[in-house]
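Trainee: Could you have a look at this structure, given as structure tokens, before my questions?
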Amino acid sequence: MSSGETLLIFIGIPVGFAALVYLAVSAASWTRSGRIGDVARATDQGEAVFLCSSPSAPDPSRLPAEIGAASTTLAGGGARGRW
Amino acid sequence: MDAGERVALSSGQEASLQRSLSTAREISGVCFGLRIGSLPGGRESALAAHAQLPDAARAVLVAVDPAARVIEIVTGTGVVDHLDDRSCELAILSMRSGFLAGDLVRGIKDGIDLLAQHARMPKVMNLDEPA
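Those protein sequences? They're chains A and B, same order as listed. In terms of the numbering used here, the first sequence is residues 1 to 83. In terms of the numbering used here, the second sequence is residues 84 to 214.
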């Protein structure tokens, strides 16, 4: 076995495998969707996402006009946080 | 809301969040709502969004404002017996770790899962067990 083949086996293959693992791990973060920065920019322009476990979900576009309108009577608690 | 407005989350991510909400409802029997967007009035905005949920008294709203980096959890009056404020704070801690890692969806799902587990009513043997 030549020295070139030895280097290829003992260095090339591990390096190639490490590169493959790195690509597999980081590929998901390269996609545009779901990154906090993108979501922040989109939602800052008034594009809210509203999901509900009930099929009769309300229209989220009504929110800004109804702030404070009969909204506190049904709330029993909760929490607030920042990150 | 137009589907075209939802540019920030992929349809797969929205479906994943929807599944998480549905599972949370199945586990706890409580309606869960999720709002991702700006909260111009802070807590008041979250309360207003919560009031719009069907059966708001027995509903939990998780509101996330990614731009302001704020999380609001609102529980209905009929849920607070099972889901107290400390549980909500725990869910916020769980969500925060996901957000700090840059993964919004995972953080939200972790928080909703934790809320659902805590909102699950304790089993009453003489009522829940078949005779």
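Glycine is no exception: its CB is placed at the ideal position from the N, C-alpha and C atoms. Computed from a prediction, not measured in an experiment: that's the story for all the values here.
Tell me the residue span of the alpha helix (DSSP H) that contains Thr-6/A.
Mentor: That run of the alpha helix (DSSP H) goes 3 to 7.
Trainee: Do you know whose CA, among Val-145/B, Pro-149/B, His-133/B, Leu-130/B, lies nearest Gln-101/B's CA?
Mentor: The residue with the shortest Cα to Cα distance from Gln-101/B is Val-145/B.
Trainee: What number of angstroms, rounded off, separates the C-alpha of Leu-198/B from the C-alpha of Val-21/A?
Mentor: One C-alpha to the other measures close to 34 Å.
Trainee: In this structure, does DSSP put Leu-42/B in helix, strand or coil?
Mentor: The question about residue 42/B has no answer here: the residues shown for chain B are numbered 84 through 214.
Trainee: Check whether chain B comes within 9 Å of Val-21/A, counting only Cβ atoms and requiring the distance to be less than that.
Mentor: Not closer than 9 Å to any Cβ of chain B, the Cβ of Val-21/A fails to qualify, so no.
Trainee: Where does the unbroken beta strand (DSSP E) through Phe-10/A begin, and where does it stop?
Mentor: Phe-10/A -> no beta strand (DSSP E), and no H or E assigned at all.
Trainee: Which term fits Leu-117/B, buried or exposed, when burial requires 16 or more other beta carbons within 10 angstroms of its beta carbon?
Mentor: Leu-117/B should be labelled buried.
Trainee: Closest to Leu-51/A by C-alpha separation, out of Val-143/B, Thr-160/B, Arg-126/B, would be which residue?
Mentor: Among Val-143/B, Thr-160/B, Arg-126/B, the Cα nearest to that of Leu-51/A is on Val-143/B.
Trainee: In this structure, how does DSSP classify Leu-74/A when only helix, strand and coil are distinguished?
Mentor: Looking at Leu-74/A - three-state DSSP - the assignment turns out to be coil, as it is neither helix nor strand.
Trainee: To the nearest angstrom, report how far apart Ser-60/B and Ser-54/A are at their CA atoms.
Mentor: The structure shown does not extend to residue 60/B, since chain B is modelled only from 84 to 214, so the question has no answer here.
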